[in-house]
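S.K.: All residue numbers for the sequence shown refer to this note's numbering, where the first residue is 349 and numbers rise by one. A virtual CB, placed ideally from N, CA and C, is assigned to each residue, including glycine. Before we start, here is the structure in question, set down as structure tokens.
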Amino acid sequence: MNQRKQAPKRPPNKSPKAHWSDRFTNGINRETLAAHPWLKPVAHHLREPGLWRLQHEAVARGAAIGLFWAFALPVAQTLVAAAHCVWWRGNIPVAAAATLITNPFTIGFWLWLAYKLGSLILGLSSHDMAAGDAAFQAATASAGFDAMAWLQRFGWPAVLGMAIFAVGGAAIGYVSVKLIWRARIWFKRRIQRHGR
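What follows is the structure, encoded as structure tokens:
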């Protein structure tokens, strides 16, 4: 009998393994950002590959831009950071991930810390600082909290503190990425030298 040879069964196509950075940028890609109405003026620039590659200078700029806007704006940080990445040639996914340092779970802590720093710089008395702390705790416990009254009385120290965090965070983010990148290259070269 003449038997036909059966072709070996192929395993089902597996999708390529997701990169670890995809967890931070899930849903943030060129197409979704380019389609956003606020980003229409820079939409054609958002498709440039250089804004999405992991190159050390672009990553450092993206980290700085993301951290700056995370503290400088209460809302829409990711969109504003993406628009500024086009101008400053920063990595958009890194900037978007850096804006997540201020989120609904951490913003209370950052505002409290900014208030403390601003009060210290402005030289507010400990009595005023205690009153600000009490008002801030009432804000978290009460739904009838008057945000405008709190901002008028205690807001300037918080605004000053957040501005310092924005500028300082951007500088620290930029320098940290540069140092980490250089250390990584140094370790690779050292391993190559001693591996021979």
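Tell me the residue span of the alpha helix (DSSP H) that contains F416.
M.R.: On the sequence shown, position 68 is the one that residue 416 refers to. Here the alpha helix (DSSP H) through F416 covers H404 to A420.
S.K.: Specify the secondary structure class of W400 as computed by DSSP and reduced to three states.
M.R.: The residue labelled residue 400 in the question sits at position 52 within the sequence shown. It is coil, neither helix nor strand.
S.K.: For R538, which residues of its own chain have a beta-carbon under 7 Å away from its beta-carbon, when the five flanking residues on both sides are left out?
M.R.: Here residue 538 refers to the residue found at position 190 of the sequence shown. Only residues of its own chain outside the window of five on either side were considered, and among them none has a CB closer than 7 Å to the CB of R538.
S.K.: For G471 and P505, what's the separation of their Cα atoms in angstroms?
M.R.: Within the sequence shown, numbered from 1, the residue matching residue 471 stands at position 123. Within the sequence shown, numbered from 1, the residue matching residue 505 stands at position 157. The alpha-carbon atoms of G471 and P505 are separated by roughly 10 Å.
S.K.: Is S369 helix, strand or coil when you go by DSSP?
M.R.: For this step, residue 369 is matched to residue 21 along the sequence shown. Annotation note: pLDDT 47 at S369 (below 50); position unreliable, coordinate value reported separately. Correct three-state label for S369: helix.
S.K.: Starting from L316, trace the alpha helix (DSSP H) in both directions and tell me its first and last residue.
M.R.: Outside the shown range of the chain, which is 349 to 544, sits residue 316, and nothing can be said about it.
S.K.: Considering only the beta carbon of each residue, do V434 and L402 sit closer than 8 Å?
M.R.: Residue numbering aside, residue 434 sits at position 86 when the sequence shown is read from its first letter. Residue numbering aside, residue 402 sits at position 54 when the sequence shown is read from its first letter. Not closer than 8 Å, so no.
S.K.: Drop a sphere of 10 angstroms on the beta-carbon of G456, count the other beta-carbons inside from all chains shown, and report buried for 16 or more, exposed for fewer.
M.R.: The count along the sequence shown starts at 1 and reaches residue 456 at position 108. G456 comes out exposed.
S.K.: Apart from the five residues just before and just after A511, which ones in its own chain have a Cβ nearer than 8 Å to its Cβ?
M.R.: In the sequence shown, counting from the first residue as 1, residue 511 sits at position 163. Here the set comprises F419 and A420.
S.K.: How many Å lie between N554 and V442 at the Cα?
M.R.: Residue 554 cannot be examined here, being either before or after the span of the chain that is shown, 349 to 544.
S.K.: So what's R395 in DSSP terms, helix, strand or just coil?
M.R.: Along the sequence shown, read from residue 1 onward, the residue named residue 395 stands at position 47. Reduced to three states, the DSSP call for R395 is coil.
S.K.: Is the beta carbon of Q425 closer than 8 Å to that of T454?
M.R.: Counted from its first residue, the sequence shown places residue 454 at position 106. Counted from its first residue, the sequence shown places residue 425 at position 77. No, Cβ-Cβ distance for T454 and Q425 is not below 8 Å.
S.K.: Tell me the rounded alpha-carbon separation between L459 and N439.
M.R.: Reading the sequence shown from its first residue, position 111 is the one you call residue 459. Reading the sequence shown from its first residue, position 91 is the one you call residue 439. Cα-Cα distance, rounded: 27 Å.
S.K.: Evaluate F416 with the Cβ neighbour count: other Cβ atoms within 10 Å of its Cβ, from every protein chain shown; 16 or more gives buried, anything less gives exposed.
M.R.: On the sequence shown, residue 416 is found 68 positions in, with the first residue counted as 1. Its Cβ being crowded by 16 or more others within 10 Å, F416 is buried.
S.K.: Which stretch, first to last residue, makes up the alpha helix (DSSP H) that contains W458?
M.R.: For the purposes of this step, residue 458 is taken as residue 110 along the sequence shown, with counting starting at 1. In the DSSP annotation of this structure, the continuous segment of the alpha helix (DSSP H) that includes W458 starts and ends at I455 to L470.
S.K.: Could you check what DSSP says for H384 in three-state terms: helix, strand or coil?
M.R.: Residue numbering aside, residue 384 sits at position 36 when the sequence shown is read from its first letter. Coil, per DSSP.
S.K.: Quick check on DSSP: helix, strand or coil for T447?
M.R.: Along the sequence shown, read from residue 1 onward, the residue named residue 447 stands at position 99. In this structure, T447 counts as helix in the three-state DSSP scheme.
S.K.: Classify L468 as buried or exposed, calling it buried when 16 or more other Cβ atoms lie within 10 Å of its own Cβ.
M.R.: Along the sequence shown, read from residue 1 onward, the residue named residue 468 stands at position 120. Result: exposed.
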